[in-house]
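Undergrad: Take this structure, written in structure tokens, and hold onto it; I'll ask about it next.
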């Protein structure tokens, strides 16, 4: 039985991954933005899941969330699932929160970061980014390029951790919209597999995956100089260093 934490796990792909992992006998820690949102996770809590609360758009709450999780003990895997598509919270939720939780949580054996095929349209340019969400800056594509590069940087810097990024496809979730063409039943499968599977490919850290197939990401993702600039910017924005 693995201990797995999933951000944004009261609906959409996060909820689907939590259900699948619970069905396989794992212990899941679910996350909601606030206590009211946790009401949507009653089904999971009744099956023995634990719950933590914190608004990932708020740096102080994200730090507190890391403290809540560390009090529960070391996780075997973390799935950074939460994300937003528009608005000034894009960078805080999609990039800053995964970075802060990665830096402050007890180091798990596996890390999974939600990317998107749209990361290919992202710009490897960190100029003028309002990481605190004080104004809208950076697109969804930019944020997914950044978090995919973060996953690759962690894979390089932490050889004892299997760190991967996943494109779950454009599926009909609340964020994807009802007309999304992807298969919702497949949207969570790769994340759950990377978190708990025993395939030898999972141990080859630094992958970018779509439906359990390893693909080549945007060239900037594996550019060590870009990774270094990104980590420096995130450290400056948060005051938190990635060990």
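Numbering (the working numbering), first residue to last: 16 to 258.
Yeah, the Cβ is synthetic: ideal placement off N, Cα and C, and Gly gets one too.
I think residue 148 touches residue 104, with their Cβ atoms under 8 Å apart; what is that distance to the nearest whole Å?
TA: Yes, residue 148 and residue 104 are in contact; Cβ-Cβ is about 5 Å, under 8 Å.
Undergrad: Can you give me the start and stop residues for the beta strand (DSSP E) that residue 248 sits inside?
TA: It is not in any beta strand (DSSP E) - residue 248 instead sits in the alpha helix (DSSP H) that spans 239-253.
Undergrad: Got a sec? Which residues, its chain only, sit under 6 Å from residue 61 by beta carbon, not counting five neighbours each side?
TA: Nothing meets the Cβ criterion.
Undergrad: Have a look at residue 21 and residue 142 and give me their C-alpha separation to the nearest angstrom.
TA: Cα to Cα, the separation comes out at about 30 Å.
Undergrad: Tell me residue 44's beta-bridge partners as DSSP assigns them.
TA: In DSSP, residue 44 forms a bridge with 20 and 65.
Undergrad: Could you compute how far the alpha carbon of residue 67 sits from the alpha carbon of residue 250?
TA: So the alpha carbons of these two residues sit roughly 25 Å apart.
Undergrad: How about the region 47-65 and the region 229-236: do they share at least three Cβ pairs that are nearer than 8 Å?
TA: Too few Cβ pairs lie closer than 8 Å, so no.
Undergrad: At the level of alpha carbons, what is the spacing between residue 135 and residue 224?
TA: Cα to Cα, the separation comes out at about 13 Å.
Undergrad: Can you name, in chain order, every residue of its own chain whose Cβ lies under 8 Å from the Cβ of residue 245, other than the five neighbours on each side?
TA: Hits under 8 Å: 141, 161, 164, 165 and 168.
Undergrad: Which of the three DSSP states is assigned to residue 95 in this structure?
TA: Three-state result, residue 95: strand.
Undergrad: With DSSP collapsed to three states, give me the class of residue 176.
TA: Here residue 176 sits in coil by DSSP.
Undergrad: Looking only at its chain, what residues have a beta carbon closer than 8 Å to the beta carbon of residue 42, apart from the 5 residues adjacent to it on each side?
TA: The answer, listed in chain order, is 16, 17, 18, 19, 63, 64 and 65.
Undergrad: Would the region 29-42 count as touching the region 68-83 if we require 3 or more Cβ pairs under 8 Å?
TA: The region 29-42, when compared against the region 68-83, does not touch it at the 8 Å Cβ threshold.
Undergrad: Just the C-alpha distance for residue 32 and residue 255, rounded to the nearest angstrom, thanks.
TA: Going from the Cα of residue 32 to the Cα of residue 255 covers about 29 Å.
Undergrad: Just tell me which of 137, 96, 123 and 77 has its CA closest to the CA of residue 115.
TA: Ranking the options by Cα distance to residue 115, first place goes to 77.
Undergrad: In this structure, does DSSP put residue 25 in helix, strand or coil?
TA: Residue 25 falls in the coil class under three-state DSSP.
Undergrad: For residue 210 versus residue 94, is the C-beta spacing smaller than 7 Å?
TA: Closer than 7 Å, so yes.
Undergrad: Give the straight-line distance between the Cα atoms of residue 47 and residue 25, rounded to the nearest whole angstrom.
TA: For residue 47 and residue 25, the distance between alpha carbons rounds to 6 Å.
Undergrad: Ordered along the chain, which non-local residues of its own chain (more than five positions away) have a Cβ less than 7 Å from that of residue 158?
TA: The answer, listed in chain order, is 105, 106, 109 and 110.
Undergrad: In whole angstroms, what is the alpha-carbon distance linking residue 125 and residue 241?
TA: Going by the C-alpha atoms only, they are around 23 Å apart.
Undergrad: Buried or exposed: where does residue 88 fall if 16 or more other Cβ atoms within 10 Å of its Cβ makes it buried?
TA: So residue 88 ends up on the exposed side.
Undergrad: Exposed or buried, what is residue 118 when buried is set at 16 or more other beta-carbons lying within 10 Å of its beta-carbon?
TA: Buried, since its Cβ has 16 or more Cβ neighbours within 10 Å.
Undergrad: Using DSSP bridges, identify the partner residues of residue 228.
TA: Residue 228 is bridged to 225.
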